[in-house]
Amino acid sequence: MTRFHETPHGDAPSSSTSPCYSVIGIYGVAGSGKTTFAQYIRDYIKEECKQKLFDTIMSIHVSETFSVDDIFHEMLKDITSNRHSNISDHEELEEKLKESLCGKRFFLILDDLWVKSKNDIRLEELISPLNAGIKGSTILVTARTKDAAGVLCADEPIKLPDLDEDQYLTMFMHYALGGTSVGADEFVRVGRLIANKLHRSPIAAVVVAGRLGTNPNIEFWKNIEKLDMLNDTMHALWWSYQQLNPDIRRCLEYYNIFPKRFKLTRVELVRLWIAQGFVKNSCATEDTEDVAEGYIQELVACSFLQPEGDYFTIHDLMHDLAKKVSGSDYFRIENKWIESGEGWKGDVPRDVRHLFVQNYDSEWITEKILRLEKLRTIYVVERGTLLEDKVIESICKRLPKLRVLSIDWSNQYCALENPESS
């Protein structure tokens, strides 16, 4: 942590030739714990560090394809608790961000950066407003490759080291047995054999151990130790996924409608799952919402769902898994496809059942969505203008299978549920 405790050099804004921030880059393969490490640093600075090092903390997921404007909106949300979704003009958005950063020493996490060249125009646009901050600010970059981690660094980026065998086993057994000690020696012996198959992948350890923890039967563990599929991280995650009951698997698959790292509240998860008919009561007296809460608890216990404050998200590799198992039912229109700022105007496969729209053209909404007769979900993230009432009315009338219409704008949430649809 010493690099975060360095004494800031005054409170003046940076000069045009000297940035106000230092950059620390870390890199490692997918599932190696980069995001967890970055979140630990963030939480340490925010909650445990006695000295107030920064005026504001921002944590942003970047991803392989990203929209600079979306990242600016997320930064503003972290700084001001307001995403300022009503601002769609890039220059106006940049000025708002500069205004919000002015006179502040900030700590910024850019998680999962994929930019390969320092000359990438998006990188220049992304960094441009940050010099409104003051000296002593810090940027922590995480990436899968050394080159990506180093695009902003003056110093050599740091490779996230692997856990040694004993450390890895300790973590594995923690998630598998927790504080249980009865008969632990035999479980540790078999657990070590299983852990050795996982090639010290933190995400594989957490997920596989979580599933083993739901069945602390030594014969079950011995049978799992014989599985060759555990030698590959994605196959290990697939095995863990297959241990869930079919209804809970469908709930996890539903995350494929959203972009990676998309955050949902507990209430939103429960409402969406129930509206889609994924939540099944085992008896007439059982409350459906209680069953859905049980699904959340099981997914968290097995580390499929990751709590982040009041929200839940899933690991990137889990998102990749959800995409593989959910087939062609899901389609996303993300800002990574938007270049002109006029909204996406392409085609959507006719058999799509669940549609996420991050940017749209009003005419396209009217003409194209209404042709998708199998749609059960429309989840629209607004950027400026709202859907007209007449369009919403047409959607409700002409899409008989629709169960969820969600329109999210300016920190508001509106959903139409139609559980009687078939």
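The UniProt record's numbering numbers the first residue of the sequence shown as 1 and each following residue consecutively. We put the beta carbon where it would ideally sit given N, CA and C, even for glycine. These figures come from a predicted structure and were not determined experimentally.
(1) Please report how far the alpha carbon of Leu93 lies from the alpha carbon of Thr138, in whole angstroms.
(2) Quick one, are the C-beta atoms of Met234 and Leu160 less than 9 Å apart?
(3) Measure the alpha-carbon distance for residue 425 versus Arg122 and round it to whole angstroms.
(4) Looking at C-beta atoms only, is the number of pairs between the region 83 to 103 and the region 34 to 43 that lie closer than 8 Å three or more?
(5) Excluding sequence positions up to five away, which residues of its chain have a Cβ less than 6 Å from the Cβ of Val380?
(6) Do Ala132 and Leu97 have their beta-carbon atoms positioned less than 9 Å apart in this structure?
(7) Return the residue from the list Gly103, Val23, Thr145 and Tyr168 that minimises the CA-CA distance to Ser63.
(8) Between which two residues does the alpha helix (DSSP H) holding Leu101 run?
(9) To the nearest angstrom, report how far apart Lys324 and Phe106 are at their CA atoms.
(10) Kindly say whether Ala132, judged by its beta-carbon, lies nearer than 9 Å to any beta-carbon of chain B.
(11) Name the two residues that bound the continuous beta strand (DSSP E) containing Ala30.
(12) Rank Glu367, Glu334 and Tyr330 by C-alpha distance to the C-alpha of Pro349 and give the top, closest one.
(13) Within its chain, find whatever has a CB closer than 6 Å to the CB of Cys302; leave out the 5 residues flanking it on each side and keep chain order.
(14) Quick one: measure Cβ to Cβ for Val352 and Leu370, integer angstroms, because I've assumed they're closer than 8 Å.
(15) Using the beta-carbon count (16 or more within 10 Å), is Ile218 buried or exposed?
(16) With a threshold of 16 other CB atoms inside 10 Å of the CB of Thr7, please say whether the residue is buried or exposed.
(17) So, using beta-carbon positions, are Val206 and Met171 closer together than 9 Å?
(18) Counting Cβ pairs, one atom from each stretch, are 3 or more of them under 8 Å apart for the region 189 to 202 and the region 233 to 248?
(19) Leu177: which of Ser22, Ser100, Asp164 and Arg192 sits nearest, CA to CA?
(20) Let me know the secondary structure DSSP gives Pro246 once reduced to three states.
(21) Excluding the 5 residues flanking Glu293 on each side, which residues of the same chain have their C-beta closer than 6 Å to its C-beta?
(22) Taking the alpha carbon of Pro216 as the point to measure from, which residue in Ile57, Glu186, Ala195 and Phe304 has its own alpha carbon closest?
Let's see:
(1) Along the sequence shown, read from residue 1 onward, the residue named residue 93 stands at position 93. Along the sequence shown, read from residue 1 onward, the residue named residue 138 stands at position 138. One C-alpha to the other measures close to 22 Å.
(2) What you label residue 234 is simply residue 234 of the sequence shown in a count that begins at 1. What you label residue 160 is simply residue 160 of the sequence shown in a count that begins at 1. Taking 9 Å as the Cβ cut-off, Met234 and Leu160 do not qualify as a contacting pair.
(3) Here the chain has residues from 1 to 422 only, and residue 425 is not among them.
(4) no
(5) Within the sequence shown, the letter at position 380 stands for residue 380. Taken in chain order, the residues that qualify are Val357 and Ile407.
(6) On the sequence shown, residue 97 is found 97 positions in, with the first residue counted as 1. On the sequence shown, residue 132 is found 132 positions in, with the first residue counted as 1. Yes; because the gap between Cβ atoms is below 9 Å, this pair is in contact.
(7) On the sequence shown, position 63 is the one that residue 63 refers to. Answer by Cα proximity: Thr145.
(8) Along the sequence shown, read from residue 1 onward, the residue named residue 101 stands at position 101. First-last of the alpha helix (DSSP H) with Leu101: His90 to Leu101.
(9) As a working mapping, residue 324 is identified with position 324 in the sequence shown. As a working mapping, residue 106 is identified with position 106 in the sequence shown. So the alpha carbons of these two residues sit roughly 38 Å apart.
(10) Within the model displayed, chain B is absent; a lone protein chain is all it includes.
(11) Working through the sequence shown from its first residue, we reach residue 30 at position 30. Taken as a continuous stretch (DSSP letters only), Ala30 belongs to no beta strand (DSSP E), as it is neither H nor E.
(12) Looking up residue 349 in the sequence shown gives position 349. The residue with the shortest Cα to Cα distance from Pro349 is Tyr330.
(13) Residue mapping note: residue 302 aligns to position 302 of the sequence shown, counting from 1. Only Gly210 and Arg211 meet the Cβ criterion.
(14) Within the sequence shown, the letter at position 352 stands for residue 352. Within the sequence shown, the letter at position 370 stands for residue 370. Contact between Val352 and Leu370 does not hold, since their C-beta atoms are separated by about 13 Å, which reaches or exceeds 8 Å.
(15) The residue you call residue 218 lines up with position 218 of the sequence shown. Its Cβ having fewer than 16 others within 10 Å, Ile218 is exposed.
(16) Here the question's residue 7 lines up with position 7 in the sequence shown. Because Thr7 sits at a pLDDT of 44, beneath the cut-off of 50, its placement in the model cannot be relied upon, and the following sentence gives the value as read from the coordinates. Exposed, since its Cβ has fewer than 16 Cβ neighbours within 10 Å.
(17) Taking the sequence shown and counting its residues from 1, the one referred to as residue 206 is at position 206. Taking the sequence shown and counting its residues from 1, the one referred to as residue 171 is at position 171. Yes, these two residues count as a Cβ contact at 9 Å.
(18) Judged by Cβ distances under 8 Å, the region 189 to 202 makes contact with the region 233 to 248, as three or more pairs qualify.
(19) Locating residue 177 in the sequence shown gives position 177, counting from the first residue. Ranking Ser22, Ser100, Asp164 and Arg192 by Cα distance to Leu177 puts Arg192 first.
(20) One-based indexing of the sequence shown puts residue 246 at position 246. The answer is helix: DSSP assigns Pro246 an H, G or I state.
(21) For the purposes of this step, residue 293 is identified with residue 293 of the sequence shown, where counting begins at 1. Nothing meets the Cβ criterion.
(22) Mapped onto the sequence shown, residue 216 falls at position 216. Pro216 has its Cα closest to that of Glu186, out of Ile57, Glu186, Ala195 and Phe304.
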